[in-house]
Amino acid sequence: QEAVAVEACGMLQDELRERRREFEEAEQKFRDLEEAVQVAGEKVKAAELQSLSAEIDNKKAESACLAAGQALRLMKSREEWYEQEIKRVESNAGQFLDASSESRTHFLQALLVSE
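Be aware that the sequence shown starts at 30, since it is given in our numbering, and climbs by one per residue.
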């Protein structure tokens with residue numbers, strides 16, 4: 030009986046060692062998975078930050094385009110104003126050159142008063 034008990038005890042110890050080895054392997058797999066999840070989470074955070082950075086860059090570019098459009102419209106408006114002023118001056122010069130000497134004097138006086 031003692032020999033049977035010793036043999037059974039040895040078998041139980043072997044079984045226990047096998048279960049302990051399986052447990053350690055499972056524990057290592059769990060740690061590996063945990064690390065993989067952490068790395069994946071960090072990659073996701075990095076991708077989110079990169080996406081936000083790109084979104085900010087897009088907003089900056091959009092603002093720059095809007096500002097450029099406004100500047101272009103302002104320049105066009107000024108260009109139109111200058112063209113009107115040139116036409117007005119040319120018209121005044123034409124009227125002045127076409128006028129008689131006495132009319133030129135009156136024209137210059139009126140022009141000085143208007144400005």
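Backbone N, C-alpha and C define an ideal beta-carbon position, used for all residues, glycine too.
Pull up the distance between the alpha-carbon of residue i and that of residue j, whole angstroms please.
| i | j | result |
| --- | --- | --- |
| Arg48 | Gly70 | 32 Å |
| Val167 | Asp43 | Residue 167 falls outside the range modelled here, since the chain spans only 30 to 144, and no answer is possible. |
| Met104 | Gln138 | 33 Å |
| Phe52 | Arg46 | 10 Å |
| Leu81 | Glu112 | 46 Å |
| Ser129 | Arg117 | 20 Å |
| Asp61 | Glu54 | 11 Å |
| Phe125 | Ser143 | 15 Å |
| Val73 | Leu95 | 33 Å |
| Ala97 | Lys89 | 12 Å |
| Arg50 | Lys58 | 12 Å |
| Glu36 | Gln30 | 10 Å |
| Leu41 | Ala65 | 36 Å |
Write down the C-beta distance between residue i and residue j rounded to the nearest angstrom, noting that I regard them as a contact closer than 8 Å.
| i | j | result |
| --- | --- | --- |
| Leu141 | Asn121 | In fact, because the Cβ distance is near 12 Å, the residues do not count as touching under 8 Å. |
If you scan the region 73-116 from start to end, which runs of the beta strand (DSSP E) of 3 or more residues do you find wholly inside it? none
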